[in-house]
Amino acid sequence: MSVVKDGIESEAMEAKIGQLPVMIKSKICNLLGLSEVEKVRYGEDPLDPGGYFIIGGTERVVMTLEDLAPNKILVEYGERYGDAIEVAKVFSQKRGYRALVIVERGR
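Going by full-length UniProt numbering, 38 is the number at position 38 of the sequence shown; the sequence numbering is gapless.
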(Lines of atoms letter the chains of each structure in order from A; the text may use other names.)
(Lines give C-alpha, C1' and ligand atoms only; values in the text may rest on other atoms or scores of the structure.)
Protein backbone atom coordinates (compact mmCIF):
# COMPACT_ATOMS: atom_id res chain seq x y z
CA MET A 1 0.00 0.00 0.00
CA SER A 2 1.21 3.50 -0.68
CA VAL A 3 -0.25 6.82 0.43
CA VAL A 4 -0.79 9.68 -2.01
CA LYS A 5 -0.79 13.09 -0.31
CA ASP A 6 -0.95 16.36 -2.24
CA GLY A 7 -0.26 14.41 -5.43
CA ILE A 8 2.96 12.89 -4.07
CA GLU A 9 3.07 9.11 -3.65
CA SER A 10 4.94 7.79 -0.62
CA GLU A 11 7.06 4.66 -0.52
CA ALA A 12 5.05 1.43 -0.65
CA MET A 13 4.60 -0.45 2.63
CA GLU A 14 2.68 -3.46 3.87
CA ALA A 15 -0.39 -2.86 6.00
CA LYS A 16 -2.57 -5.44 7.74
CA ILE A 17 -6.20 -4.60 6.99
CA GLY A 18 -7.89 -7.73 8.30
CA GLN A 19 -8.00 -11.52 8.31
CA LEU A 20 -9.90 -13.94 6.11
CA PRO A 21 -10.34 -17.62 6.95
CA VAL A 22 -9.23 -20.13 4.31
CA MET A 23 -11.65 -22.87 3.30
CA ILE A 24 -10.19 -26.33 3.95
CA LYS A 25 -9.08 -28.03 0.68
CA SER A 26 -9.53 -24.80 -1.33
CA LYS A 27 -6.94 -23.68 -3.88
CA ILE A 28 -5.02 -21.65 -1.27
CA CYS A 29 -5.23 -24.24 1.54
CA ASN A 30 -1.93 -25.79 2.66
CA LEU A 31 -3.52 -29.26 2.55
CA LEU A 32 -4.35 -29.12 -1.16
CA GLY A 33 -2.18 -31.44 -3.20
CA LEU A 34 -0.75 -33.41 -0.27
CA SER A 35 -0.66 -37.19 -0.54
CA GLU A 36 -2.70 -39.34 1.85
CA VAL A 37 0.49 -40.22 3.76
CA GLU A 38 1.41 -36.53 4.15
CA LYS A 39 -2.11 -35.68 5.38
CA VAL A 40 -1.89 -38.42 8.03
CA ARG A 41 1.55 -37.08 9.06
CA TYR A 42 -0.06 -33.66 9.68
CA GLY A 43 -2.87 -35.27 11.70
CA GLU A 44 -5.52 -34.82 9.01
CA ASP A 45 -8.07 -37.35 7.79
CA PRO A 46 -7.13 -38.26 4.20
CA LEU A 47 -10.81 -38.88 3.36
CA ASP A 48 -11.97 -35.47 4.64
CA PRO A 49 -13.66 -33.70 1.69
CA GLY A 50 -13.04 -30.18 3.06
CA GLY A 51 -15.35 -27.30 2.18
CA TYR A 52 -15.47 -25.81 5.69
CA PHE A 53 -13.60 -23.19 7.69
CA ILE A 54 -11.78 -23.37 11.03
CA ILE A 55 -12.43 -20.22 13.06
CA GLY A 56 -11.20 -19.98 16.63
CA GLY A 57 -10.51 -23.73 16.67
CA THR A 58 -14.09 -24.61 15.64
CA GLU A 59 -15.29 -25.98 12.30
CA ARG A 60 -17.71 -23.59 10.59
CA VAL A 61 -19.79 -24.21 7.46
CA VAL A 62 -21.46 -21.68 5.18
CA MET A 63 -25.09 -22.70 4.68
CA THR A 64 -27.24 -21.38 1.87
CA LEU A 65 -30.76 -20.17 2.55
CA GLU A 66 -33.33 -19.66 -0.15
CA ASP A 67 -36.12 -17.30 0.77
CA LEU A 68 -39.01 -16.13 -1.38
CA ALA A 69 -39.33 -12.41 -1.92
CA PRO A 70 -42.00 -10.85 0.33
CA ASN A 71 -45.01 -9.09 -1.21
CA LYS A 72 -44.30 -10.44 -4.72
CA ILE A 73 -46.74 -12.65 -6.62
CA LEU A 74 -45.30 -15.95 -7.84
CA VAL A 75 -47.31 -17.89 -10.43
CA GLU A 76 -46.82 -21.60 -11.07
CA TYR A 77 -48.37 -23.68 -13.82
CA GLY A 78 -48.84 -27.37 -13.24
CA GLU A 79 -51.08 -30.38 -13.47
CA ARG A 80 -53.07 -32.11 -10.75
CA TYR A 81 -55.22 -35.19 -11.30
CA GLY A 82 -54.88 -34.73 -15.07
CA ASP A 83 -56.17 -31.13 -15.02
CA ALA A 84 -54.08 -28.04 -15.75
CA ILE A 85 -53.94 -25.66 -12.79
CA GLU A 86 -52.48 -22.25 -12.07
CA VAL A 87 -51.29 -21.40 -8.57
CA ALA A 88 -50.51 -17.87 -7.37
CA LYS A 89 -48.55 -17.50 -4.13
CA VAL A 90 -47.84 -14.36 -2.14
CA PHE A 91 -45.81 -14.16 1.06
CA SER A 92 -47.54 -11.11 2.49
CA GLN A 93 -45.28 -9.36 4.97
CA LYS A 94 -45.83 -6.31 7.13
CA ARG A 95 -43.84 -5.32 10.24
CA GLY A 96 -42.33 -8.74 10.89
CA TYR A 97 -45.59 -10.69 10.43
CA ARG A 98 -45.57 -12.99 7.41
CA ALA A 99 -48.52 -14.90 5.94
CA LEU A 100 -48.72 -17.21 2.93
CA VAL A 101 -51.69 -16.64 0.62
CA ILE A 102 -52.36 -19.25 -2.10
CA VAL A 103 -54.92 -18.92 -4.89
CA GLU A 104 -55.57 -21.91 -7.18
CA ARG A 105 -57.47 -21.82 -10.44
CA GLY A 106 -58.53 -24.67 -12.69
CA ARG A 107 -59.54 -27.30 -10.14
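Note that the Cβ used here is the ideal one computed from N, Cα and C, for glycine as well.
Quick caveat, the model's predicted, so the values are computed rather than measured.
Check	Outcome
Boundaries of the alpha helix (DSSP H) in which ARG41 is found, first to last residue	36-41
GLU86 - DSSP class collapsed to helix/strand/coil	strand
Sheet register partners of GLN93 (DSSP bridge)	ARG98
GLN19 versus GLY57 - alpha carbon distance	15 Å
Beta-carbon proximity list for VAL87, same chain, < 6 Å, skipping 5 on both sides	GLU76 and GLU104
DSSP state of LYS5 mapped onto helix, strand, coil	strand
Member of GLU9, MET1 and LYS27 whose CA lies at the smallest distance from the CA of ILE17	MET1
8 Å CB neighbourhood of LEU68 in its chain, flanking five on each side removed	LEU74, LYS89 and PHE91
PRO46 and GLU59 closer than 8 Å at C-beta	no
Member of GLY50, PRO70, VAL62 and LYS94 whose CA lies at the smallest distance from the CA of CYS29	GLY50
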